[in-house]
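The next block holds one structure in the form of structure tokens; read it before the comments.
There are 2 protein chains.
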Amino acid sequence: MVPTVWFIAPIGAIAALIFAFILFKSIKKQNPGNELMQKIALNVRKGAFAYLRQQYKGVLLFFIIAFVVFNFMAWVLNVLHPLIPWAFVIGGFFSGLAGFIGMNTATLASNRTAQAASESLNKGLKVAFRAGGVIGLVVVGLALFDLSTRFYILGLLEIDLKTITTIMLSSCMGASTQALFARLGGGIYTKAADVGADLVGKVETGIPEDDPRNPATIADNVGDNVGDVAGMGADLYESYVGSIMATAALGMAAVTQIFGLNSEWAIKFVTAPMVLAGVGALLSIIGIYLVSTKEDAGIKDLLRALNRGVFGSSILIAIVAFFVTRYMLPAPYSFGIFLAGIIGLLAGILIGHFTEHATSAAYAPTRGIAKQGQYGAATVIIDGLAVGMKSTAAPVIIIGIGILAAFSLSGGFTIPALGLYGIGFGAVGMLSTLGVTLAMDAFGPIADNAGGNAEMAKLSAEVRKSTDALDSVGNTTAATGKGFAIGSAALTAMALLAAYLEEVRSGLIFAGDKVMNILMANGEIFAVETSKATITDFMNYYNVNLMNPKFLIGVFVGAMVTFVFAALTMKAVGRAAGDMVAEVRRQFKEIPGIMDGKNEPDYARCVHISTVGAQREMVAPALLGILTPVVIGLLMGVAGVLGLLAGGLSTGFALAIMMNNAGGAWDNAKKYVETGQLGGKGSDVHKATVVGDTVGDPFKDTSGPSINILIKLMSMVSIVFAGLIVAYSPAIEAIYSSRSEKTEMQQVIEHDSTEIQTQENEL
Amino acid sequence: MVPTVWFIAPIGAIAALIFAFILFKSIKKQNPGNELMQKIALNVRKGAFAYLRQQYKGVLLFFIIAFVVFNFMAWVLNVLHPLIPWAFVIGGFFSGLAGFIGMNTATLASNRTAQAASESLNKGLKVAFRAGGVIGLVVVGLALFDLSTRFYILGLLEIDLKTITTIMLSSCMGASTQALFARLGGGIYTKAADVGADLVGKVETGIPEDDPRNPATIADNVGDNVGDVAGMGADLYESYVGSIMATAALGMAAVTQIFGLNSEWAIKFVTAPMVLAGVGALLSIIGIYLVSTKEDAGIKDLLRALNRGVFGSSILIAIVAFFVTRYMLPAPYSFGIFLAGIIGLLAGILIGHFTEHATSAAYAPTRGIAKQGQYGAATVIIDGLAVGMKSTAAPVIIIGIGILAAFSLSGGFTIPALGLYGIGFGAVGMLSTLGVTLAMDAFGPIADNAGGNAEMAKLSAEVRKSTDALDSVGNTTAATGKGFAIGSAALTAMALLAAYLEEVRSGLIFAGDKVMNILMANGEIFAVETSKATITDFMNYYNVNLMNPKFLIGVFVGAMVTFVFAALTMKAVGRAAGDMVAEVRRQFKEIPGIMDGKNEPDYARCVHISTVGAQREMVAPALLGILTPVVIGLLMGVAGVLGLLAGGLSTGFALAIMMNNAGGAWDNAKKYVETGQLGGKGSDVHKATVVGDTVGDPFKDTSGPSINILIKLMSMVSIVFAGLIVAYSPAIEAIYSSRSEKTEMQQVIEHDSTEIQTQENEL
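Residue numbers (our numbering), protein chains in the order written: chain Z, 26 to 788; chain A, 26 to 788.
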């Protein structure tokens with residue numbers, strides 16, 4: 026059934042996994058360093074797995090509940106395809122597996138990177154980047170393996186292609202849920218540990234960062250792993266599978282409209298995004314090896330080499346994508362859709378560039394924040410918020426132009442479904458380099474952890490300098506990474522928004538509504554087969570326009586939910602950090618001999634407190650994100666849900682960028698002062714910028730990244746619950762412009778008005 | 026032509042003006058206090074008028090440019106009714122006049138209130154509240170006088186009713202522009218002076234607030250007038266005229282759809298909101314007198330008396346509104362539209378209540394912020410932001426329910442235009458009590474200024490205690506006032522959003538497009554006369570739905586512009602305050618004898634610096650607000666503009682509430698600590714909360730309130746430029762669901778696909 030070229034997807038997946046395994050083996054073979062280094066790494070590793078175990082327990086519980094609910098929806102309410110509960114669970118499993126392998130790699134790499142860095146800077150870079158490569162390739166490999174085997178098996182079961190795409194899209198909610206818990210839990214964990222360690226250790230007790238005497242120091246290092254490695258990985262895993270499957274579903278819609286339901290083109294439109302992803306996976310492997318073959322070079326060369334990896338594979342992907350689209354898609358549009366993919370690639374790079382401009386101390390905005398430190402902490406806060414808010418302009422304009430270009434180039438102004446397919450293709454294009462870009466992202470926290478390991482193991486200042494250099498390379502790549510994460514989240518959410526309508530279609534068909542009666546401008550009813558309805562038909566049927574108050578209220582609620590979600594996550598960090606502060610203070614007081622190194626602090630207890638805190642505090646924001654689309658759906662119907670998603674996406678995109686960039690800029694403003702500028706470390710300016718940095722911590726590491734997930738998750742929840750909403754909220758929302766037949770009400774009015782006029786005339 | 030009952034509107038206007046004059050006379054007769062008090066008041070008064078003169082110069086320049094541009098649009102481009110430039114100027118003039126009279130009253134009242142308070146608390150309240158009453162009644166009176174005389178004159182000119190409503194709606198942009206400059210300029214001025222006075226005076230030099238030795242102290246007092254009196258007044262003036270005229274335009278649309286263009290009902294639908302406003306004006310006078318008749322009572326009784334004024338007139342308005350709607354509107358819907366008005370009244374009161382909960386130290390959120398002061402400034406900031414973000418929930422839910430209820434009760438789910446008329450009626454209902462609610466709002470800054478006057482004139486501690494008591498009453502009423510301002514802005518903007526389509530209709534007709542060709546679901550074209558097209562027709566014609574990328578991009582840009590606007594206004598305050606800080610430092614250094622009172626500081630120079638700073642800094646945000654709708658309109662057409670307005674409204678509503686409430690909560694958290702809680706004044710907790718308060722200053726007094734204006738102004742600009750957009754951006758945005766006739770492109774694809782399939786079969 027599938028075209029031969031499709032096999033590039035599973036081949037890419039398996040190749041990615043094989044090379045990930047090879048890289049993993051080569052890391053494991055590295056010198057793990059001296060006994061102390063190994064012991065410290067083991068502590069971090071134990072802490073990370075303790076956290077993961079706890080989180081997976083929570084996730085398991087959630088998945089069991091969801092599985093029961095979904096089966097109820099499938100078998101009792103009859104509003105869900107019976108395979109979806111299983112697909113949901115499997116989707117979640119693979120994302121979780123990727124998280125597990127990623128964490129396993131990252132925690133093995135820290136001491137090995139520190140050891141390698143003590144031998145040569147270049148060796149250190151190599152180990153850290155290879156570990157990042159494992160994570161990148163595992164995410165891409167597992168995701169693509171999951172998607173393609175499932176796609177193949179569903180095909181073998183002789184389920185029709187349309188149903189396959191809707192089942193598979195729903196299953197992405199599994200990955201979405203994993204991502205939510207990973208980002209939220211990881212974000213809360215890492216900041217609780219960080220703030221706890223800093224506030225009591227650095228500020229109150231005056232011991233340096235990563236000092237082994239600080240009870241929270243292991244938890245802090247664990248936090249880097251669970252927040253930055255596992256959280257970021259799960260976030261992009263979700264975007265990756267979400268964008269591919271949303272584009273597949275949109276492809277199906279486009280084909281149906283252009284060629285009819287059973288066209289030969291269908292399988293090509295549906296599989297093209299998978300093929301592009303497969304090509305991306307293969308070329309990412311080359312990209313990673315491009316980087317790792319460089320030997321004995323300076324920091325700048327290494328950074329250039331890293332960039333060469335990304336740009337190299339991007340260019341290669343662009344070239345291959347041209348042939349893939351040309352071969353797979355119909356001629357008049359294949360080039361436009363190819364260009365849409367390229368636009369996605371470019372948008373990701375551009376957003377990364379502007380993110381760096383807003384947050385790096387090399388540019389005016391961040392330096393301006395540092396300068397405001399002369400007037401005190403308040404002006405640092407105000408200026409940082411202003412920088413964050415202003416920095417929303419460039420990404421919104423880039424994404425705006427990207428959407429319009431992708432839509433129009435792929436022919437959306439003639440056939441909207443095709444334009445939406447093009448937008449989806451843009452998202453897939455942006456994410457096709459995920460293998461290598463995620464490798465660069467994960468490189469940062471691994472280098473950071475290596476530094477922590479070196480510090481705690483009291484390696485020489487020389488080694489620490491090397492790991493600091495690696496860390497600074499990591500910080501530069503991280504800016505690109507964050508822009509990439511939010512940009513891909515926006516494009517993916519956009520594709521999911523459109524794909525949602527396909528699930529509504531399935532829901533209608535499932536509920537037995539085989540015909541949609543659309544009231545037209547002339548007052549007549551036009552009956553269209555639900556299976557053949559166009560996207561414009563859905564807009565008309567459900568009145569998804571601005572003058573429908575349900576839609577408008579949805580937009581309002583979407584904006585509001587984003588703000589409330591941000592508030593909840595910030596407060597969560599505050600509470601969890603409070604617990605940690607109390608615990609660290611207690612240990613310093615109750616365990617004698619910590620300060621002179623005679624007694625070891627109780628690291629495990631701090632790890633436990635962060636773990637429990639994160640688990641407890643992520644419940645409220647998670648529930649808000651999951652329940653809002655269901656509640657709005659039941660109360661406001663399809664139009665309300667679409668309003669919610671649009672409002673959440675637009676406000677969430679802006680708010681996430683604002684929080685990420687303000688946080689990053691505050692962090693770097695502080696670091697800028699610490700380089701000796703404006704009075705340097707310990708000056709009043711420095712103290713003012715420390716306040717900024719502390720405010721920025723939950724901004725950039727918890728709330729901002731979690732909003733990335735929120736905007737995708739709300740779409741995913743809507744998609745899974747589409748059947749329920751369609752069946753249980755008023756199907757036809759009758760805002761008519763009735764012309765031919767007057768409504769009863771109108772007749773009553775006219776009757777009354779005649780009466781009143783008669784009365785008036787009589788007076 | 027007008028129904029007799031309409032004359033309630035001009036009668037209400039004139040009555041309001043007469044009573045304002047009587048109140049004003051009675052204030053002027055009050056004892057102006059001793060010589061020093063008079064001198065100080067005169068300084069403030071001079072400063073206020075110096076500012077106003079400067080601002081009106083700037084506004085005049087803008088009006089001249091706009092007048093030329095509009096005449097060019099009217100006579101050369103032929104996209105604007107030639108009366109609109111004049112209407113625009115007149116609308117601006119009356120708003121400016123209201124600002125002038127308000128400022129005149131407020132600056133006369135400060136020393137008289139201080140003097141009266143030195144005699145008895147009750148006398149002080151009376152003077153301050155009467156001055157507030159003058160401002161409330163002048164705003165309502167002038168607005169209603171302007172609207173009703175213009176309406177009558179245009180009627181005498183035998184212009185048809187439809188054109189009258191569109192001309193009058195456009196003219197509201199005059200008031201909108203005044204409001205923008207008043208809020209922005211006033212907000213920047215007041216905070217620059219405040220921060221300058223506090224930072225150098227209180228913090229660096231250690232002299233108390235309002236100390237005459239502080240060079241910025243007069244500027245600070247001027248700021249309270251220009252920010253809180255003139256800014257708030259212009260804001261609500263704009264909402265008032267905007268909501269009335271938008272509702273009139275929507276009434277015209279509803280009538281056209283139900284009864285046809287020339288129905289007898291038209292004049293009734295159009296004049297009903299004016300009549301309701303007239304009733305409100307008359308009953309507000311009673312409300313104000315209800316308050317002022319209370320004699321020799323305690324603070325609590327006085328607060329109760331104030332509330333009785335508002336609630337009393339609200340209940341009276343509700344009762345009269347029932348009869349007005351019953352008499353003027355067709356029977357089956359009159360009760361629903363009446364209920365819509367009541368819903369607006371209730372929504373305003375409820376939002377005020379929740380605003381108080383979020384920002385008053387009597388409740389948990391604000392106390393929680395103060396408690397976070399134990400961990401330092403950073404946690405105060407994080408907690409305050411979280412409180413602000415969370416506090417968006419209640420107002421959004423209230424407005425959401427309000428919209429849905431107003432829309433459905435007035436029959437919107439049968440005839441959308443009627444539902445939108447209902448929403449407009451809700452806004453008018455909310456604002457019908459403006460005379461008395463604005464009196465309560467203006468009371469606050471007048472009491473504040475009286476306190477400043479007493480302090481500077483070194484009146485006894487006893488007197489200062491009385492003015493402090495008045496100030497605290499003012500703070501309580503201010504919470505209600507702010508909720509009211511943002512709630513009415515949201516409802517007004519919503520009504521303007523719908524009214525925008527009426528201007529598009531006029532624009533189309535003006536451009537000669539007498540017929541709109543709407544492509545229907547069955548692929549046929551339905552031609553509808555533009556003058557008779559329904560709102561749903563416009564949605565279809567311009568594809569104002571979520572799957573149109575132009576609309577979606579508009580939503581994104583709307584969200585982004587709000588953030589950037591907030592950033593610009595915050596930065597503006599920072600820069601203007603920097604100038605002030607430098608000047609105050611210079612005076613302390615260069616003018617000898619300031620500190621021991623031997624030499625007077627140069628107050629006028631500080632006033633000048635604030636004035637110039639405010640004028641300079643308001644240009645960038647003003648241009649952003651005015652140009653964005655025009656640029657988006659030209660690039661993205663009608664769908665893009667509607668997306669922009671929806672995105673700006675939803676994000677702006679949430680962001681404004683967040684900034685207002687976070688700012689208010691920080692302010693009160695600081696004051697809470699100053700009452701002796703958590704260590705009291707001078708403690709570390711206090712210092713931490715002072716940082717919060719300083720961050721909150723531009724939040725609550727500049728950015729937050731300015732966003733109120735932004736969301737209305739963007740609608741107003743869109744309305745005035747509708748003709749241009751319609752004429753110069755692609756009129757028919759062809760996203761079709763073509764069915765009966767296949768497009769050329771589709772035929773090409775099918776041709777190609779057949780070819781490819783043939784080739785494949787051959788292989």
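Backbone N, C-alpha and C define an ideal beta-carbon position, used for all residues, glycine too.
Remember, it's a predicted structure, so these values are computed and weren't measured experimentally.
{"Query": "Neighbourhood of A/H711 by C-beta, 6 Å cutoff - its chain only, sequence neighbours within 5 removed", "Result": "V698"}
{"Query": "Rounded separation between Z/L133 and Z/I471 - CA only", "Result": "10 Å"}
{"Query": "Sheet register partners of Z/A552 (DSSP bridge)", "Result": "Z/N542"}
{"Query": "Burial state of Z/P233 (16 or more Cβ within 10 Å)", "Result": "exposed"}
{"Query": "Chain Z contact residues for A/F363, given Cβ-Cβ distances below 8 Å", "Result": "Those within 8 Å of A/F363 in chain Z number zero; the least Cβ separation is about 16 Å."}
{"Query": "Reduced DSSP category for A/N570 - H, G, I as helix; E, B as strand; rest coil", "Result": "strand"}
{"Query": "Cβ-Cβ distance between Z/A131 and Z/V254 below 8 Å", "Result": "yes"}
{"Query": "Ordered list of alpha helix (DSSP H) runs contained in the segment 642-677 of chain A, each at least 4 residues", "Result": "none"}
{"Query": "Residue range of the unbroken alpha helix (DSSP H) whose run includes Z/H382", "Result": "A356 to T384"}
{"Query": "Within chain Z, partners of A/G444 - CB distance below 8 Å", "Result": "P574"}
{"Query": "Contact set for Z/A235: own chain, Cβ-Cβ below 8 Å, skip 5 residues either direction", "Result": "Sequence check: residue 235 of chain Z is Asp here, not Ala. Answer for Z/D235: T242, D245, N246, G476, G477, E480 and M481, listed in chain order."}
{"Query": "Nearest-angstrom beta carbon gap, A/V304 and A/A168 [assumed within contact, 8 Å]", "Result": "The Cβ separation is near 15 Å, so there is no contact."}
{"Query": "CB contact check: A/D726 to chain B, cutoff 8 Å", "Result": "Chain labels in this structure do not include chain B; the protein chains are Z and A."}
{"Query": "First and last residue of the uninterrupted alpha helix (DSSP H) at A/D245", "Result": "T242 to D249"}
{"Query": "From Z/I115, Z/A153 and Z/N147, residue whose alpha carbon lies closest to that of Z/L172", "Result": "Z/I115"}
{"Query": "For A/N796, the three-state DSSP class (helix, strand or coil)", "Result": "Coverage of chain A is limited to positions 26 through 788, which leaves residue 796 of chain A absent and any answer about it impossible."}
{"Query": "Reference A/I374, options A/A389, A/V335 and A/T653, closest by Cα", "Result": "A/V335"}
{"Query": "Whole-angstrom C-beta distance between A/Y358 and A/S435, which should lie under 8 Å", "Result": "6 Å"}
{"Query": "Cβ neighbours of A/A259 in the same chain (closer than 7 Å, five flanking residues each side left out)", "Result": "S120, G124, Q203, A204, A207 and R208"}
{"Query": "Cβ of A/A789 within 8 Å of any chain Z Cβ", "Result": "No answer is possible for residue 789 of chain A: it lies beyond the span of chain A, which begins at 26 and ends at 788."}
{"Query": "Under 7 Å by beta carbon: chain A residues contacting Z/V582", "Result": "V421 and G425"}
{"Query": "7 Å Cβ cut-off: residues of chain A touching Z/A402", "Result": "A402 and V716"}
{"Query": "Which of helix, strand or coil DSSP assigns to A/V746", "Result": "For the record, residue 746 of chain A in the displayed sequence is Phe; it is not Val. Three-state DSSP puts A/F746 in coil, outside helix and strand."}
{"Query": "Contact set between the segment 548-571 of chain A and chain Z, restricted to residues whose Cβ is under 7 Å from the partner", "Result": "F551, V553, T559, I560, T561, D562, M564, N565, V569, N570 and L571"}
{"Query": "Validate contact between the segment 190-202 of chain A and the segment 725-743 of chain A using beta carbons, cut 8 Å, 3 pairs", "Result": "yes"}
{"Query": "Endpoints, the alpha helix (DSSP H) within which A/H711 is located", "Result": "D709 to P723"}
{"Query": "Under 7 Å (Cβ pairs) to chain A, residues found in the segment 740-752 of chain Z", "Result": "none"}
{"Query": "Cβ neighbour criterion (16 or more within 10 Å) applied to Z/E798", "Result": "There is simply no residue 798 of chain Z to check, as chain Z begins at 26 and stops at 788 in what is shown."}
{"Query": "Residue burial classification, A/G469 (beta-carbon count within 10 angstroms, cutoff 16)", "Result": "buried"}
{"Query": "Reduced DSSP category for Z/G401 - H, G, I as helix; E, B as strand; rest coil", "Result": "coil"}
{"Query": "Min CB distance A/I189 to chain Z below 8 Å", "Result": "no"}
{"Query": "Boundaries of the alpha helix (DSSP H) in which A/K483 is found, first to last residue", "Result": "Counting along the chain, A/K483 falls outside any alpha helix (DSSP H), and DSSP gives it neither H nor E."}
{"Query": "Proximal chain Z residues relative to A/G672, where beta-carbon distance stays under 9 Å", "Result": "V580, A584, A671, G672, S675 and T676"}
{"Query": "Three-pair Cβ contact test at 8 Å for the segment 445-454 of chain A versus the segment 510-521 of chain A", "Result": "yes"}
{"Query": "Burial state of A/W691 (16 or more Cβ within 10 Å)", "Result": "buried"}
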